[in-house]
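Protein chains in written order, with our numbering: chain V, 238 to 544; chain C, 238 to 544; chain Z, 238 to 544. Beta carbons: idealized from backbone N, C-alpha and C, even for Gly. Predicted, not measured: the structure shown is a model, and the values here were computed from it.
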Amino acid sequence: MTRLSKKDVLRADQFTRDDIDLILARASEYEAALASKRELDLLRGKILATLFFEPSTRTRLSFEAAMQRLGGRILTVSEAKSTSASKGETLHDTIRTVDGYADAIVIRHPDIGSAEVAARATAKPVLNAGDGAGEHPTQSLLDLYTIQKEQRKADGLTIALVGDLKHGRTVHSLATLLSQFKVSFLFVSPQTLRMPRGIVGRVQERGIAFRETEDLGHALGEADVIYMTRIQRERFADAAEYDRLKDAYVLTRAALVKAKPSITVMHPLPRVNEIAVDVDDLPGAAYFRQSANGVPVRMALLALLLS
Amino acid sequence: MTRLSKKDVLRADQFTRDDIDLILARASEYEAALASKRELDLLRGKILATLFFEPSTRTRLSFEAAMQRLGGRILTVSEAKSTSASKGETLHDTIRTVDGYADAIVIRHPDIGSAEVAARATAKPVLNAGDGAGEHPTQSLLDLYTIQKEQRKADGLTIALVGDLKHGRTVHSLATLLSQFKVSFLFVSPQTLRMPRGIVGRVQERGIAFRETEDLGHALGEADVIYMTRIQRERFADAAEYDRLKDAYVLTRAALVKAKPSITVMHPLPRVNEIAVDVDDLPGAAYFRQSANGVPVRMALLALLLS
Amino acid sequence: MTRLSKKDVLRADQFTRDDIDLILARASEYEAALASKRELDLLRGKILATLFFEPSTRTRLSFEAAMQRLGGRILTVSEAKSTSASKGETLHDTIRTVDGYADAIVIRHPDIGSAEVAARATAKPVLNAGDGAGEHPTQSLLDLYTIQKEQRKADGLTIALVGDLKHGRTVHSLATLLSQFKVSFLFVSPQTLRMPRGIVGRVQERGIAFRETEDLGHALGEADVIYMTRIQRERFADAAEYDRLKDAYVLTRAALVKAKPSITVMHPLPRVNEIAVDVDDLPGAAYFRQSANGVPVRMALLALLLS
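Set out below in structure tokens:
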């Protein structure tokens with residue numbers, strides 16, 4: 238196996254277990270190459286276009302770093318709304334045009350399904366960097382890579398997903414991807430922001446154990462990995478409910494005393510206050526390493542799709 | 238002949254026939270090199286600055302792809318208005334400054350004549366990527382390149398230019414450039430949006446046959462190439478006149494039944510609805526190929542000006 | 238000596254005399270290499286991130302040109318405010334994230350001290366490209382480089398700093414840097430916009446001669462170098478005072494008749510009207526050369542910090 242099963246990266250559930258193993262093994266090689274400052278020239282002469290119809294500097298820079306670390310070049314559209322789209326051009330036409338300039342396209346767009354529209358418009362690889370409330374599959378891959386790297390494996394782990402599980406694109410895709418492994422889940426959220434039944438059903442089908450709770454403290458004692466996400470005030474119909482709950486989902490150094498010493502703390506970033514700053518220098522605070530892992534994981538994807 | 242006759246690319250009428258032949262031959266070589274994935278390293282160590290005082294993602298990316306396909310580097314200013322200009326700096330000063338950073342400058346600016354101001358401020362090549370209602374000479378060159386490639390020649394063809402011929406920078410420059418060939422023109426537009434008499438006069442001086450008509454259907458039967466452009470509501474003093482005419486200038490698959498089988502359909506893009514989507518998969522629908530041709534044509538220009 | 242004394246470039250007063258000599262010697266080498274079109278490949282495989290939380294196209298392009306002239310790559314954030322910061326992320330977190338993508342970081346930020354916050358968040362080099370009313374140390378270095386190049390030395394010169402000396406970050410940093418040399422200063426400003434006493438005190442401690450005056454004409458007769466800066470209307474409590482003074486700080490060709498023939502005229506750019514356009518073609522009008530000197534000086538800094 239030296240190829241992915243699809244030409245595009247659109248959804249977390251598209252990956253076979255072989256795909257996943259191939260991507261993560263390749264990412265590990267590239268991480269070693271970066272650490273030893275070995276020059277990589279694999280994508281010399283190739284161009285990646287990054288089309289961001291909504292801003293996401295973190296994701297854009299991560300892709301652009303990955304492409305350049307492989308010797309490739311980039312075309313950047315950091316605010317694609319100020320472009321032809323504003324003149325009434327369809328996404329299909331925009332992508333067919335960019336197809337003439339680049340060898341692969343990264344797209345971030347506020348509308349669900351837009352990455353699939355883009356993928357159908359071109360024979361070249363399209364990578365979904367977030368389509369609204371839909372998917373963000375490269376984030377899930379780097380999350381999984383981080384778990385495997387920090388914990389030396391994914392199988393056998395108890396993984397707590399914490400926060401707004403109802404609206405969180407990141408936790409949906411990650412739960413989907415992790416369902417290919419022998420993990421247990423703790424879904425930790427307010428009652429009104431529980432994991433959607435569709436995702437829960439998929440987890441059950443795979444025979445994955447899970448438990449739902451509102452109590453972060455309880456979950457902390459059991460988890461090998463705790464994945465924090467943000468709860469946004471605007472998701473609550475009732476402001477009083479938000480005020481009652483918001484502090485319950487802040488992870489502090491004091492709270493981590495009852496966690497396993499080997500716990501890995503993750504967050505997709507940016508954080509606002511979901512993780513207290515005093516957690517940052519604990520050995521298990523992995524969120525900045527997690528973010529940096531985006532580079533080798535995206536290098537692996539680009540190399541597999543383009544070379 | 239291995240050099241252009243001027244240091245800059247500012248206007249469609251600056252090109253001698255030798256210039257044109259040189260550019261298009263070189264573009265053809267680069268297109269072949271791109272198709273065979275041959276590495277080009279001609280502009281290694283050179284930097285192109287793209288200064289866009291109004292957004293035009295398509296044109297910017299096309300230039301940036303061209304420069305990078307030749308091994309060169311880019312400096313991008315995609316929204317130049319948020320720069321020194323807003324602090325009161327003149328265009329002359331801005332260009333003299335960028336002259337210190339780059340080996341050539343692409344400029345897009347809302348004011349007619351701004352590219353010529355820029356060219357006088359520096360000894361380095363300046364390429365006009367659109368100066369308001371003025372010129373867009375690299376667009377005309379890629380249009381011409383497309384005609385020659387799709388039809389194997391330009392001489393002898395009947396070329397219909399359709400839409401708002403009064404305000405359309407693109408059709409003005411293209412008519413000017415094509416006047417160096419033995420073509421016939423059909424100018425198809427509403428009476429109030431006819432081709433300016435200055436352009437018509439130039440065409441006549443060259444001894445080029447042309448006819449003006451309001452009737453797209455009529456033109457369709459004769460044309461070898463049909464070049465569609467947009468008619469904007471705001472160009473009409475009378476809204477009723479716009480409503481009466483707008484559908485008459487939409488090209489559909491049904492309407493193309495009466496065209497020559499070998500017809501080439503072009504459009505500078507972005508399109509709104511001037512060409513129905515069902516035209517896209519006809520063999521003569523050349524507009525996305527046309528857009529992609531911008532890369533080898535701009536590679537040719539950059540290579541000729543910089544190496 | 239082949240290394241700078243610090244990992245970052247944050248303030249003009251951080252440089253030892255050895256640092257300064259090393260940077261300027263290296264800049265001179267790179268300028269010669271650029272002039273002879275010699276390929277430089279020193280930073281091949283390295284990535285520089287330019288994070289601009291407020292726009293400054295000139296400074297950004299200068300750094301990006303410098304990095305690319307050395308064979309390195311760039312990640313650009315030209316409008317960083319439309320990023321994670323707007324989602325409530327701290328600067329510390331942003332920098333720790335970018336640390337995962339790039340080998341060095343240039344930061345421009347409206348808040349004083351922000352570059353130091355950034356430098357503490359990463360072990361990688363941080364270069365301050367302006368922190369509000371604080372510092373802009375790379376500008377001072379290129380100013381000093383320009384003085385030495387135009388006048389063949391800095392020691393022994395009489396240098397007039399003209400304009401709003403109270404708020405001008407540029408003149409504060411330059412005065413600080415020049416205090417390491419045996420110069421004399423003329424501080425030329427309205428009474429209400431005099432050089433801050435802190436800077437004057439530092440100059441005195443170093444035993445540097447200086448004189449303060451409101452009269453530009455008087456200073457012109459004595460200066461070897463005249464460094465013009467802008468006086469902004471909004472700095473005056475009293476509009477009448479602004480109207481009285483604004484023309485007194487405009488340098489004209491006529492006024493330069495009484496200057497030394499060897500005078501060097503400088504300006505950090507952009508200019509509005511502080512220097513009349515008819516000065517531009519005098520041999521001593523060095524401001525566009527000064528701006529271009531930013532490239533070799535920043536190449537020197539990047540090379541010393543990264544290789």
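Distance check between leucine 378 of chain C and each of C/Arg275, C/Ser410, C/Gly350 and C/Arg526 places C/Ser410 closest, using alpha-carbon atoms only. Among the residues facing chain V, tyrosine 464 of chain Z is not included, as its CB has no counterpart in that chain under 7 Å away.
For valine 425 of chain C, the secondary structure class from DSSP, reduced to helix, strand or coil, is strand.
Taking every protein chain shown into account, the CB of asparagine 510 of chain C has fewer than 16 other CB atoms within 10 angstroms, so this residue is exposed. In this structure, phenylalanine 424 of chain C sits away from glutamate 387 of chain C, with a CB-CB distance that is not shorter than 7 Å.
Contact of glycine 308 of chain C with chain Z is not assigned, every C-beta pair being separated by 7 Å or more. By the rule that beta-carbons nearer than 7 Å mark a contact, glutamine 305 of chain C touches chain V. Close partners of serine 299 of chain V in chain Z (Cβ separation under 7 Å): Tyr338.
The C-alpha of leucine 394 of chain V lies about 28 Å from the C-alpha of arginine 240 of chain V. Annotation for proline 347 of chain C: Phe290, Glu291 and Gly369 place their beta carbon closer than 7 Å to its own, counting only its chain and skipping 5 residues before and after. Shown here, threonine 489 of chain Z sits in coil according to DSSP, grouped into three states, outside any helix or strand.
Residues of chain C whose Cβ lies closer than 7 Å to the Cβ of leucine 312 of chain V are, in chain order, Leu298, Glu301 and Ala302.
If you look at histidine 346 of chain C, you'll find it in the beta strand (DSSP E) that goes 341–346.
Leucine 364 of chain V is bridged by DSSP to V/Val246 and V/Val343.
The Cβ atoms of phenylalanine 300 of chain C and valine 354 of chain C lie no closer than 7 Å to each other. Residues are counted here when their Cβ sits less than 8 Å from a Cβ of chain Z; for the stretch 405–431 of chain C the count is zero. The beta carbon of alanine 317 of chain Z is closer than 7 Å to those of Leu288, Phe289 and Phe290 in its chain, skipping five residues each way along the sequence. Its chain contains Ala249, Ser377 and Leu381 as the residues whose beta carbon lies nearer than 6 Å to that of leucine 414 of chain Z, once the 5 sequence neighbours on both sides are disregarded; these appear in chain order.
For a Cβ distance threshold of 7 Å, residue set Phe525 of chain V lies close to arginine 333 of chain Z, ordered along the chain.
In this structure valine 514 of chain C is exposed. Its beta-carbon is surrounded by fewer than 16 other beta-carbon atoms within 10 angstroms.
Scanning its chain for C-beta atoms nearer than 7 Å, with the 5 sequence neighbours on each side dropped, one finds around leucine 402 of chain C the residues Val408, Phe424, Ser426, Leu430, Arg431 and Met432, in chain order.
Its Cα nearest to that of glutamate 372 of chain V, the residue V/His404 stands out among V/Lys361, V/His404 and V/Gly400. Less than 7 Å divides the Cβ of leucine 285 of chain V from the Cβ of isoleucine 311 of chain V.
Of all alpha-carbon atoms in Z/Arg333, Z/Ala522 and Z/Ile500, the one lying nearest the alpha-carbon of valine 462 of chain Z is that of Z/Ile500. In terms of Cα proximity to threonine 466 of chain C, the closest of C/Gly438, C/Arg508, C/Ala476 and C/Gln428 is C/Arg508. Within its own chain, the residues whose Cβ lies closer than 8 Å to the Cβ of alanine 456 of chain C, once the five positions on either side in sequence are excluded, are Ala397, Val399, Leu423, Val425, Thr450 and Ile463, listed in chain order. Within the stretch 406–488 of chain C, the beta strand (DSSP E) runs of at least 3 residues that lie entirely inside it are, in chain order, 421–425, 446–450 and 462–465.
Cβ-Cβ distances below 7 Å link alanine 522 of chain V to Val502 and Val516 in the same chain, with the five nearest sequence neighbours on each side left out; the list follows chain order. Valine 534 of chain C sits close to alanine 264 of chain C, with the two beta carbons spaced by under 7 Å. When CB distances to chain C are screened at a threshold of 9 Å, not a single residue of the stretch 365–390 of chain Z falls below it. Using beta-carbon distances, glutamate 353 of chain Z does not count as an interface residue toward chain V, since no partner is under 7 Å.
The beta carbon of serine 315 of chain Z sits closer than 6 Å to those of Phe289, all from its chain and outside the five residues before and after it, given in chain order. In the DSSP assignment, phenylalanine 525 of chain Z forms no beta bridge with any residue. Between the C-alpha atoms of tyrosine 486 of chain C and threonine 334 of chain V there is a straight-line separation of about 23 Å. Put simply, the backbone Cα of valine 363 of chain Z is about 57 Å away from that of tyrosine 479 of chain C.
In the DSSP annotation of this structure, threonine 253 of chain Z is not part of any beta strand (DSSP E), being labelled neither H nor E.
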